[in-house]
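Residue numbering for the first sequence follows my numbering, beginning at 9 and increasing consecutively. From the three backbone atoms N, C-alpha and C, an ideal C-beta is built for every residue, glycine too. If you're wondering where the values come from, they're calculated on a predicted model, not measured in any experiment. Step one of this worksheet: look at the structure below.
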Amino acid sequence: MPELPEVETYRALATRALGRTIAAVEAPDAWFLKAGLRPDVVVSTLTGARFVADRRIGKLLLLDTDIGVVVGLRFGMTGRLLVDGIAAIARLEYAGARDNTTWDRFVVRFADGGDLRVRDPRRLGGVAFDPDESRLGVDALAVTPSQLSALLRGSTAPLKARLMDQTRLAGLGNLLTDETLWRAGLDPARPSGSLSGPERRRLHRHLRRTLTELSARGGSHTGDLHIARSRGACCPADGAPLDRRTVGGRTTYSCPVHQH
DNA sequence: ATTGTGGCCTGCCCGC
DNA sequence: TGCGGGCAGGCCACAA
9 MPELPEVETY RALATRALGR TIAAVEAPDA WFLKAGLRPD VVVSTLTGAR FVADRRIGKL
69 LLLDTDIGVV VGLRFGMTGR LLVDGIAAIA RLEYAGARDN TTWDRFVVRF ADGGDLRVRD
129 PRRLGGVAFD PDESRLGVDA LAVTPSQLSA LLRGSTAPLK ARLMDQTRLA GLGNLLTDET
189 LWRAGLDPAR PSGSLSGPER RRLHRHLRRT LTELSARGGS HTGDLHIARS RGACCPADGA
249 PLDRRTVGGR TTYSCPVHQH
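Rendered as structure tokens:
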């Protein structure tokens, strides 16, 4: 599903859409529009405008326009971005293999004939104008060791829940978090504030490494833990049967032997 | 304020 | 072969 690496790929693809005049907008699914946005408002506002910058904070893709409005795109767990018929990601975990234009929830047509579209089978994503960027924490790709320590310190919430709290750290979803904690040898259910200094530094190191490695491999579903889980239920590191639990309200896989 | 829970949405997989 | 229940998780509203 779209976590930070996928949305970063979407952002790079969206660069193709910059500077092109918007000739038409289709918002066929009013439910997909968030924060009170209405289809007629989306259409009338964006028609004639142009995107001038692409940005990303965590899993939120931001497209600045030349009229001052910022278009915020969220992709939920099955949303994909296509520009000029090019998909940033061909197939998405959990999203199904088929392509279907009836899943296009938001389409921007350019005067030159191309288009930008959000294709989301399960409709868990959304489009908003001027999303509140201050509600998102520091981006997981940019977080410093001291920032990570600060957001963990003093909290009794499970480590996994804290790392997935988008208001504190933006970009990690279920798969990336499980993979990072598995690599760092940390129990997802540990109280966040219980980590020692060395453990926090270890977590930071593995967070960075996991993000860059999985991005290079092709996405948040390419982690060693995730791949192993689909084959069997044994830890790829030490062969122990993996634990399957609910932590922070999410299905969680971890190794009882090397994660503490 | 912080932490926890349930519901939204729908394609797909499994068992009958 | 068809059917139905359960599952997946990002995000938000709401409860404690």
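In the DSSP assignment, Arg125 is bridged to Leu90 and Val115. If you draw a 10 Å sphere on the C-beta of Leu189, you find 16 or more other C-beta atoms in it, and that means buried. The three-state reading of DSSP puts Ser228 in coil, since its state is none of H, G, I, E or B. Residue environment for Leu81: buried (at least 16 other C-beta atoms within 10 angstroms of its C-beta). Rounded to the nearest whole angstrom, the CA to CA distance from Asp173 to Arg19 is 22 Å. If you look at Thr53, you'll find it in the alpha helix (DSSP H) that goes Pro47 to Leu54. The C-beta distance from Glu11 to Gly179 rounds to 7 Å, short enough to fall under 8 Å. The DSSP-derived three-state label of Ile235 is helix. When Cβ pairs closer than 8 Å are counted between the two stretches, the stretch 89–98 is seen not to touch the stretch 141–149, the count staying below three. Taking the Cβ atoms as the reference, Pro196 lies roughly 6 Å from Ser262, within the contact range of under 8 Å. When the five nearest sequence neighbours on each side are left out, the beta carbons in the same chain lying within less than 8 Å of the beta carbon of Glu16 are those of Arg64, Leu149 and Ser223, in order along the chain. Nearest neighbour of Gly121 by Cα position, chosen from Ala32, Arg213 and Leu156, turns out to be Ala32. DSSP assignment within the stretch 151–196 yields the following whole alpha helix (DSSP H) runs of 4 residues or more, N-terminal first: 153–160, 167–172 and 182–192. Using a Cβ-Cβ distance cut-off of 8 Å, the stretch 232–248 and the stretch 206–215 are not in contact, since fewer than three pairs of beta carbons, one from each stretch, lie closer than that value.
Less than 7 Å separates the beta-carbon of Leu70 from that of Val78. Ranked by how close their Cα comes to the Cα of Ser204, the residues Leu184, Leu156, Arg191 and Asn182 have Leu156 in first place. DSSP, read as helix, strand or coil, puts Ser262 in strand.
The criterion of a C-beta distance shorter than 7 Å is satisfied by Phe83 and Gly133.
In the three-state reduction of the DSSP assignment, Leu71 falls in the strand class, which pools E and B.
Annotation for Thr55: Ile30, Ala31, Ala32 and Val33 place their beta carbon closer than 8 Å to its own, counting only its chain and skipping 5 residues before and after.
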